[in-house]
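Residues 6 to 261 (this note's numbering) are what the sequence shown spells out, left to right.
Glycine included, C-beta positions come from ideal geometry on N, C-alpha and C.
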Amino acid sequence: MKRRKWQRLLNEGSVVRHLSGGLLALLLFFITAFSQEGSTGIPPNEGKTLGRELPDVLLVDSKGREFNLHSLKGKPVVLSPIYTHCNSACPIITDSLKKVIPFLGKPGQDFWVLSFTFDPSDGQEDIRAFQEKYGLDGEGWKVVRAKTKEDLFRLVDAIDFRFMSIPETKDFVHPNLVVFVSPDMKIKKYVYGVVFDKKEMAKALQYSLGAKNFLEDFKSFLFFLGLVGLAFSGLYLVITSAKILHKREAQKNFHS
Numbered sequence: 006m007k008r009r010k011w012q013r014l015l016n017e018g019s020v021v022r023h024l025s026g027g028l029l030a031l032l033l034f035f036i037t038a039f040s041q042e043g044s045t046g047i048p049p050n051e052g053k054t055l056g057r058e059l060p061d062v063l064l065v066d067s068k069g070r071e072f073n074l075h076s077l078k079g080k081p082v083v084l085s086p087i088y089t090h091c092n093s094a095c096p097i098i099t100d101s102l103k104k105v106i107p108f109l110g111k112p113g114q115d116f117w118v119l120s121f122t123f124d125p126s127d128g129q130e131d132i133r134a135f136q137e138k139y140g141l142d143g144e145g146w147k148v149v150r151a152k153t154k155e156d157l158f159r160l161v162d163a164i165d166f167r168f169m170s171i172p173e174t175k176d177f178v179h180p181n182l183v184v185f186v187s188p189d190m191k192i193k194k195y196v197y198g199v200v201f202d203k204k205e206m207a208k209a210l211q212y213s214l215g216a217k218n219f220l221e222d223f224k225s226f227l228f229f230l231g232l233v234g235l236a237f238s239g240l241y242l243v244i245t246s247a248k249i250l251h252k253r254e255a256q257k258n259f260h261s
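This is the structure in structure tokens:
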């Protein structure tokens with residue numbers, strides 16, 4: 006009789022261990038499946054930003070011309086956050102965009118490209134030098150800075166682009182990404198990484214033009230189901246563990 010009870014407790018303990026292992030595996034799966042490849046820093050909260058309209062901030066291009074962001078309405082915008090003295094990710098991102106953009110269409114005619122500096126200390130000479138260094142035309146593909154710090158932070162807040170400065174080097178920790186914006190200035194798609202695939206970028210551009218992205222919709226639904234399953238698995242694990250502890254306490258009292 007006693008042997009059967011202890012065997013049952015051992016079996017239940019094994020169940021808990023298997024549940025714990027399964028729960029951990031499920032958690033790791035969702036962390037891996039929904040993490041952003043090639044990215045550093047904290048990625049944007051897409052649930053908060055997708056579909057959100059960008060603020061009509063005042064920008065200055067590399068030729069010193071001021072314009073409102075919403076003056077570009079009517080065509081999609083590919084927004085690439087950079088800072089001009091970056092020696093790591095930003096040059097790779099810009100070079101990769103230069104290779105991919107010709108497959109998507111002609112900047113200024115089919116869409117706009119904005120290399121936008123999020124460094125408050127970048128001035129007019131900095132963005133002009135960046136444009137010349139990478140051979141950008143400054144028309145269809147503009148290198149821009151915000152006119153004021155207020156406009157700078159309005160824009161980075163709108164896309165939930167969070168960065169942190171490193172005082173020792175004056176560099177930044179930041180996510181590596183580009184943002185696809187619809188012709189009516191709404192955030193439609195993030196593409197993460199430093200090297201971009203032309204097919205993925207073409208799909209993102211089409212999505213910004215209104216094409217349905219069933220994969221993304223399914224991914225969001227799957228993520229929701231995963232969270233629900235994770236919550237119920239955790240609850241079941243807690244309840245099962247509590248029952249086993251209660252039985253062990255009862256067994257201890259029985260022998261005392």
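| Check | Outcome |
| --- | --- |
| In whole angstroms, what is the alpha-carbon distance linking residue 41 and residue 152? | Annotation note: pLDDT 41 at residue 41 (below 50); position unreliable, no value reported. |
| Between the Cα of residue 126 and the Cα atoms of 150, 109, 108 and 211, which residue gives the shortest distance? | 150 |
| For residue 96, which of helix, strand or coil comes out of DSSP? | helix |
| Which of the three DSSP states, helix, strand or coil, is assigned to residue 15? | Low per-residue confidence applies at residue 15: pLDDT is 45, beneath 50, and the placement is therefore not dependable enough to give any value. |
| Please say whether residue 120 and residue 161 have beta carbons closer to each other than 7 Å? | no |
| Just the Cα atoms here: how many angstroms apart are residue 79 and residue 73? | 14 Å |
| From 54, 111, 68 and 246, pick the residue whose C-alpha is nearest to that of residue 128; which is it? | 68 |
| Bridge partners for residue 181 per DSSP, in chain order? | Note: residue 181 sits in no beta bridge, so no partner. |
| Per DSSP, which one or two residues make a beta bridge with residue 73? | 63 |
| Run through DSSP, which three-state label would residue 161 get? | helix |
| Applying the 10 Å Cβ sphere with the 16-neighbour rule, what's the burial state of residue 23? | The predicted model places residue 23 with a pLDDT of 49, which falls under 50 and marks its position as unreliable, so this point remains unresolved. |
| Between the Cα of residue 83 and those of 177, 164, 175 and 93, spot the shortest distance and give me the residue it belongs to. | 164 |
| With a threshold of 6 Å on Cβ separation, who are the neighbours of residue 86 within its own chain once the five nearest residues in sequence on each side are excluded? | 121, 123 and 166 |
| Exposed or buried, residue 76, counting other C-beta atoms within 10 Å across all chains shown (16 or more means buried)? | exposed |
| I'd like the list of long-range same chain contacts for residue 38, defined as Cβ closer than 7 Å, with 5 residues on each side in sequence excluded. | Reliability fails at residue 38, whose pLDDT of 40 lies under 50, so the model's placement of it is uncertain and the value that follows must be treated cautiously. Nothing meets the Cβ criterion. |
| Secondary structure at residue 38, three-state DSSP: helix, strand or coil? | Reliability fails at residue 38, whose pLDDT of 40 lies under 50, so the model's placement of it is uncertain and no value is given. |
| Check residue 237 in the structure and name its three-state DSSP category. | helix |
| Rounded to whole angstroms, what is the Cα-Cα separation between residue 189 and residue 60? | 11 Å |
| Which one or two residues does DSSP pair with residue 102 in a beta bridge? | Its beta-bridge partners do not exist; DSSP assigns none. |
| Given a cut-off of 7 Å on the beta-carbon distance, is the pair residue 155 and residue 113 in contact? | no |
| How should residue 63 be labelled, buried or exposed, when 16 other C-beta atoms within 10 angstroms of its C-beta is the threshold for buried? | exposed |
| Among residues of its own chain, excluding the 5 on either side of residue 315, which ones have a beta-carbon nearer than 8 Å to its beta-carbon? | Since the first residue of the chain shown is 6 and the last is 261, residue 315 is not available in this structure. |
| Three-state secondary structure (DSSP) at residue 109? | helix |
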